[in-house]
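Novice: With my numbering applied, the sequence shown covers 5 to 118.
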Amino acid sequence: QVQLVESGGGLVQPGGSLRLSCAASGMIFSINAMGWYRQAPGKERELVASITRSFSTNYKDSVKGRFTISRDNPENTLYLQMNSLKPEDTAVYYCNHVPYPLTWGQGTQVTVSS
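1) With distances taken between CB atoms, is the gap from LEU106 to LEU24 smaller than 7 Å?
2) Count the other CB atoms within 10 Å of the CB of GLU92; is the residue buried (16 or more) or exposed (fewer)?
3) Output the distance between the C-alpha atoms of LYS47 and SER66, rounded to the nearest integer angstrom.
4) Using alpha carbons as the reference points, say which of TYR104, ASN77, CYS99 and PHE71 lies closest to GLN110.
5) Of all the beta strand (DSSP E) runs that stay within the bounds of the segment 38-77, which reach a length of 3 or more residues?
Put into structure tokens, the structure is as follows:
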């Protein structure tokens, strides 16, 4: 059974940084493309960054140059380094398979506010 556990969120001021982690189990992590999704209040869930099994990355335009996705295959862990955070980055962040999400984890709340 696939299990995804996100962590690392919190409250940060505009311009600050956070590093999110996602521990994956129940899947062959290394062969899967993975991504970070987010859902802001009243909005649809959206994909913000993805990484293939060959470590190619792709980003939503609004986070390019500020967010960096990475993966540690031996540790079955996905990361999202978020710098220069803006209030519009406030959302619950989830990790999941790309392009077809599996069971969702509980997510981790990121709040950017002064």
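From the three backbone atoms N, C-alpha and C, an ideal C-beta is built for every residue, glycine too.
No experiment lies behind these values; they were computed from the predicted model shown.
Specialist: If we stick to the structure as given:
1) Here LEU106 is not near LEU24, since their CB atoms are 7 Å or more apart.
2) exposed
3) 16 Å
4) That would be CYS99, whose Cα lies nearest to the Cα of GLN110.
5) 38-43, 50-55, 61-63 and 71-76
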